[in-house]
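Colleague: In my numbering, the protein residues as written are 106 to 263. Glycine residues also receive a C-beta, built at the ideal position from the N, C-alpha and C atoms. All values reported here derive from a predicted model rather than from experimental measurement. Right, I'll just put the structure down here and ask away after.
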């Protein structure tokens, strides 16, 4: 059976959520920044994802009036196999943290009051707002290999 998007009840105030997401890197630190116009105190997840879909790091934060700017120092182990990076700012009913009563009152228990047609996905948990940055291509340099040592000379016969 198809999974249908949760729909608002007839008496619910319908809400559109928008924002932006950017990614940058400097000195080994990856910054995911942007905005999302949800109410203050709502939990959002900020993440860094590699080209293979692996989440390299993420952080659940409570939204405040300030723009989002989360910095991640990724280990060599986390970056193993990564070349290109993308940032995400996501808003979901309960994945990252249980939302406050005020958040559920505004957006619905399954965020069904969010009526966006863009930047949303849904599953059995509800509607999820997903803001993505552009790809940061070549953000992780390929490891360099040490030069090949010269062959060891064969022992001379004496």
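Over what stretch of residues does the alpha helix (DSSP H) that includes residue 182 continue unbroken?
Modeller: Against the chain shown, residue 182 aligns to sequence position 77. Here the alpha helix (DSSP H) through residue 182 covers 181-184.
Colleague: With a 10 Å radius around its C-beta and 16 neighbouring C-beta atoms as the bar for buried, classify residue 160 as buried or exposed.
Modeller: As a position in the chain shown, residue 160 is number 55, starting the count at 1. Looking at its Cβ environment, which holds fewer than 16 other Cβ atoms inside 10 Å, residue 160 is exposed.
Colleague: Give me the Cβ distance between residue 234 and residue 221, rounded to the nearest whole Å; I'm assuming they're in contact under 8 angstroms.
Modeller: For the purposes of this step, residue 234 is taken as the residue at position 129 of the chain shown. For the purposes of this step, residue 221 is taken as the residue at position 116 of the chain shown. 7 angstroms between Cβ atoms; contact.
Colleague: Have a look at residue 168 and residue 207 and give me their C-alpha separation to the nearest angstrom.
Modeller: Within the chain shown, residue 168 is the residue found at index 63, counting from 1. Within the chain shown, residue 207 is the residue found at index 102, counting from 1. Roughly 13 angstroms between the two C-alpha positions.
Colleague: Please list the terminal residues of the continuous beta strand (DSSP E) segment that includes residue 191.
Modeller: Residue numbering aside, residue 191 sits at position 86 when the chain shown is read from its first letter. Start and end: 190-196.
Colleague: How is the alpha helix (DSSP H) around residue 122 delimited, first residue to last?
Modeller: In the chain shown, the residue the question calls residue 122 occupies position 17. Here residue 122 belongs to no alpha helix (DSSP H), and DSSP marks it neither H nor E.
Colleague: Assuming residue 148 and residue 193 make a contact with CB atoms under 8 angstroms, what is their CB distance in whole Å?
Modeller: Position 43 of the chain shown, counted from the first residue, corresponds to residue 148. Position 88 of the chain shown, counted from the first residue, corresponds to residue 193. Going by Cβ atoms, the distance from residue 148 to residue 193 rounds to 14 angstroms, so no, they are not a contact pair.
Colleague: Whose C-beta lies closer than 8 angstroms to the C-beta of residue 216 among residues of the same chain, with five residues either side of it excluded?
Modeller: Walking along the chain shown from the start, residue 216 turns up at place 111. Cβ neighbours of residue 216 beyond the five flanking positions: 111, 196, 197, 198, 231, 232, 233 and 234.
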